[in-house]
Structures are given as C-alpha cells and as structure tokens.
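Numbering (full-length UniProt numbering), first residue to last: 1 to 160.
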C-alpha cells in the first residue's frame, strides 16, 4: 500500500518548493517530448515505464491537491491517509494513453496545486499532520507541500 517516506526536511517556507514546481512544469514536457514511444513505454519487470511514472505523479497530484484543500479546513490535526499507488497506475491505464493527454493532466493538476498552496494563510502552514505510521517528528501542512515537490523530484530523476 503506502509506506510513509519523507522526501523533504521542513524549511519553514513553501516558496522555494513552489518555484521549483513551476520550473518542472516547463521542463518536464520539453524533456518527455524528446522521447520516442518505445522509450516512454519501456519498463523492466516490476518497474514502471516513463508513462506509468508520469501517471503515478498524476495520482500523487490528485491525492495531494485534495489534502492541500482539506487540511486547512480540518478541525484539529489533519489525518493523512495513503492510497493504492500500484493499483491506480494500472486502473488508469497510463501506459496506453497519449503522452500529450498525460502531460496536460499533470500540468493542470500541478498548476492548481500552486494556486491552492499560495492561497493558504501562513499560520495554517504549521497545522499538524498525522500519518498512519507516526514518527516522533511533528509534521505540518507546510512540510507536506514541500515533501510533495521533493517526492515529484525524486521520481523525475528516474524518469528524465
């Protein structure tokens, strides 16, 4: 299912992460358009292709957009729940879809994430987040936004 892996250390500001996300919104389509269909769909057994990895990033964007809008509205700490990553990649058939469709969906979702994140009042960025497998660290909404971008970057290193 969904292991909690932290990709980012909290910095106290989401601005650098959102700036990096804006850069990725320009660079990722440029880089992927340079790949052949064979390059986009090739994968080793048990691994995702570039298209499937982009699909995973779409699923991540969908789930995190919901989190970023729900967390500020929650009474008390927001409870972070996982999702079935492998199953969603297969159910959404990302491997079979046109690259332009995948890029459009990914870009639109991440543009909306930027709009939502920039509108969150600074005092709500310190809102506590609870995870299914808690650690001793206090996680916050601001950290969750930073970690979302760091998770995306982790996968971009593989994909690009």
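Glycine included, C-beta positions come from ideal geometry on N, C-alpha and C.
An exposed status is given to residue 47, since fewer than 16 other beta-carbon atoms sit within 10 Å of its beta-carbon. By the neighbour-count definition (other C-beta atoms within 10 Å, threshold 16), residue 118 is an exposed residue. Measuring C-alpha to C-alpha distances from residue 76 to each of 38, 35 and 128 identifies 128 as the nearest.
In its own chain, leaving out the 5 sequence neighbours on each side, no residue places its CB closer than 7 angstroms to the CB of residue 96. Around the beta carbon of residue 154, fewer than 16 other beta carbons lie within 10 angstroms, which makes this residue exposed. The Cβ-Cβ distance between residue 116 and residue 69 falls below 8 angstroms.
In terms of Cβ geometry, residue 106 and residue 156 do not form a close pair [threshold 8 angstroms].
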